[in-house]
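**Student:** Dumping the structure here so I can ask a few things about it.
Numbering (our numbering), first residue to last: -12 to 134.
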């Protein structure tokens, strides 16, 4: 089987997460080869036309999707599944719809509330210096990043 390994190219900041994806690519590639498959790593940037062109050239049987962000932006996470679904190529991981729906925590919480699924109370603030009355203990998270 011919397997393309899609992964995010490290952003300029080269965070530990960005560099870790390269370790993951190596591990997946090694495992695929040991199992008798061929692998083609494909680094992803915002130049999605190049990605589509490469996929059309390679014609993989499967894409192993390791993309966690594009150009360091986690909210673009669903772009690769969108393209692969459009091209009708089988890939690992969640669908574009699932990633789009769950990447934005506030959107997800609002959607869950529409269906009467209880979630802990939350507030949002666009400015870190906004005065907000928060009772502790609490959890503070960015809308798009991390779990």
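Every residue, glycine too, gets a C-beta built ideally from N, C-alpha and C.
1) Please return the same chain residues whose Cβ sits closer than 6 Å to the Cβ of residue 56, not counting the five positions on each side in sequence.
2) For residue 42, count neighbouring Cβ atoms within 10 angstroms of its own Cβ and tell me buried if that reaches 16, exposed if not.
3) Buried or exposed, going by whether 16 or more other CB atoms sit within 10 Å of the CB of residue 86?
4) Thinking residue 28 and residue 12 are a contact (beta carbons under 8 Å), I'd like their distance in whole angstroms, please.
5) Tell me where the beta strand (DSSP E) around residue 25 begins and ends.
6) Nearest CA to the CA of residue 106: which residue from 112, 114, 92?
7) Assuming residue 50 is part of the alpha helix (DSSP H), what are its boundary residues?
8) Measure how close the beta-carbons of residue 45 and residue -9 come, nearest whole angstrom, since I'm counting them as under 8 Å.
9) Starting from residue 83 and walking both ways along the alpha helix (DSSP H), at which residues does that stretch end?
**Tutor:** Per the coordinate set shown:
1) Here residue 56 is taken as the residue at index 69 of the chain shown, counted from 1. Counting only Cβ-Cβ distances below 6 Å, and skipping sequence neighbours, we find -5.
2) Taking the first residue of the chain shown as position 1, residue 42 is located at position 55. Residue 42 is buried by the Cβ-count criterion.
3) Here residue 86 refers to the residue found at position 99 of the chain shown. Result: buried.
4) Walking along the chain shown from the start, residue 28 turns up at place 41. Walking along the chain shown from the start, residue 12 turns up at place 25. Correct: roughly 5 Å between the Cβ atoms.
5) Within the chain shown, residue 25 is the residue found at index 38, counting from 1. Under the DSSP assignment, residue 25 falls in the beta strand (DSSP E) whose first and last residues are 25 to 31.
6) On the chain shown, position 119 is the one that residue 106 refers to. That would be 92, whose Cα lies nearest to the Cα of residue 106.
7) By 1-based counting over the chain shown, the position of residue 50 is 63. Not the alpha helix (DSSP H): residue 50 falls in the beta strand (DSSP E), residues 49 to 52.
8) Residue numbering aside, residue 45 sits at position 58 when the chain shown is read from its first letter. Residue numbering aside, residue -9 sits at position 4 when the chain shown is read from its first letter. Sure, about 6 Å apart at Cβ, within 8 Å.
9) Position 96 of the chain shown, counted from the first residue, corresponds to residue 83. Counting along the chain, the alpha helix (DSSP H) containing residue 83 begins and ends at 83 to 90.
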